[in-house]
Amino acid sequence: MPASCAFSRDLDKYYYWDSFEVRLSRPELSMQEIYLGIFAHLPRLLKWLLIIRTKIVSVFGIGGPTAAQLNSIEIKKKYEVGERIARFTLFSQNDNEIITGGDDKHLDFRVSVLKISEGGTNKVVLTTVVDVHNLFGKVYLFLILPFHRFGVRTIMSNAVAAKRI
1484 MPASCAFSRD LDKYYYWDSF EVRLSRPELS MQEIYLGIFA HLPRLLKWLL IIRTKIVSVF
1544 GIGGPTAAQL NSIEIKKKYE VGERIARFTL FSQNDNEIIT GGDDKHLDFR VSVLKISEGG
1604 TNKVVLTTVV DVHNLFGKVY LFLILPFHRF GVRTIMSNAV AAKRI
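Going from the sequence shown to my numbering is simple: count from 1 and add 1483.
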């Protein structure tokens, strides 16, 4: 995780974190455009997995996106803190980083999408941090992590391949 990531100073307070990076071929994009280039274009397989996940965890009182929500992501010119951008709530934003996430009774998570330049190469780094609240949160996280890692890699590589970022 880059030192410029908002989460880098407090890593010890999170139960779990990961970071994935890709090359940014369109550095002129705003952070909101980069974020939407990644999160507003889910492949069919990931939509299907999210719908299945929502159905399974709903019996435990945990929400999630419906098929209608996944297929109708609103794209606006500008988002304000507190609004939903793609599927998550926008918590903060600046010229180089957007932080979104969600809170639930079993865990809270935050996602950072950060634009950096290293050695003349522009990159996007997607970092996820998770704070679990109880045993159910730990079990849930353990079960979902393989899908999370697959999903993040997929949406980032798809965004690069489609030249959205």
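Built from N, CA and C at the ideal position, the CB exists for glycine as well.
- In this structure, L1519 and I1558 form a Cβ contact; the two beta carbons are roughly 6 Å apart against a cut-off of 8 Å.
- Put simply, of L1528, P1548 and R1527 the residue whose alpha carbon is nearest the alpha carbon of T1537 is P1548.
- Closest option to F1490, judged by alpha-carbon separation, among V1615, V1596 and N1605: V1596.
- For V1635, the uninterrupted alpha helix (DSSP H) run begins and ends at L1618 to A1644, by DSSP.
- Taking a 10 Å sphere around the C-beta of A1642, we find 16 or more other C-beta atoms and assign the residue as buried.
- Around the CB of T1611, 16 or more other CB atoms lie within 10 Å, so the residue is classed as buried.
- Taking the Cβ atoms as the reference, L1624 lies roughly 6 Å from Y1499, within the contact range of under 8 Å.
- The stretch 1508 to 1570 is shown to contain whole alpha helix (DSSP H) runs of 4 or more residues at 1514 to 1522, 1527 to 1541 and 1550 to 1554, in chain order.
- The Cβ-Cβ distance between G1634 and L1529 falls below 9 Å.
- Here I1556 has A1523 and A1569 as same chain residues with Cβ atoms under 6 Å from its own Cβ, once five neighbours each way along the sequence are excluded.
- Burial of V1608 is indicated by the presence of at least 16 other C-beta atoms within 10 angstroms of its C-beta.
- With a contact defined as Cβ atoms closer than 8 Å, N1605 and P1485 miss out at about 13 Å.
- Looking at the DSSP output, L1597 shares a beta bridge with E1580 and V1608.
- Its chain contains D1587 and H1589 as the residues whose beta carbon lies nearer than 7 Å to that of I1545, once the 5 sequence neighbours on both sides are disregarded; these appear in chain order.
- Contact between I1517 and I1648 holds, since their C-beta atoms are separated by about 5 Å, short of 8 Å.
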